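Presented below is the structure to which this report refers.
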Amino acid sequence: MKIKINDYNDSDLIRIIREWSNLTQKEFGDLIGKDERSIYDYEAGNYTFNMTTLRKIMNEVGLEITIEKK
């Protein structure tokens, strides 16, 4: 499956990635070294994440980021 990252806000993106991984918030947090509350806060839009965190997430769940010029 493919999505355009520009079409989603950060909180939706984290939730989509987690759901594609079929993981609970706790399992997802354990996988990327964050606690369950942090994942909840990411998905609720209370916290934002940086590119380092996004890269770690993508590597851990087996997804890749592609940048394409329009």
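Start counting the sequence shown at -16; every next residue gets the next number (my numbering). Just so you know, even glycine gets a beta-carbon here, dropped at the ideal spot from N, CA and C. Nothing here was measured: the structure is a model prediction, and the numbers come from that model.
From which residue to which residue does the alpha helix (DSSP H) around residue i run?
i	result
N42	M34 to V44
G28	Premise fails: G28 is in no alpha helix (DSSP H) and is neither H nor E.
E47	Taken as a continuous stretch (DSSP letters only), E47 belongs to no alpha helix (DSSP H), as it is neither H nor E.
Do you know how far the Cα of residue j is from the Cα of residue i?
i	j	result
D13	E19	8 Å
F32	K53	25 Å
E47	F11	17 Å
Y23	L6	13 Å
M34	S4	19 Å
G28	M(-16)	24 Å
G16	I40	10 Å
Y30	G45	23 Å
D(-7)	S21	13 Å
On the premise that residue j lies in contact with residue i, defined as a C-beta separation below 8 Å, what is that separation, rounded to the nearest angstrom?
i	j	result
I(-1)	I(-14)	7 Å
Would you decide whether residue i is buried or exposed? Buried here means 16 or more other CB atoms lie within 10 Å of its CB.
i	result
E2	exposed
K9	exposed
Y25	buried
Answer with yes or no whether the minimum CB distance from residue i to chain D is below 8 Å.
i	result
I(-12)	Absent from the structure is chain D; it holds one protein chain and no more.
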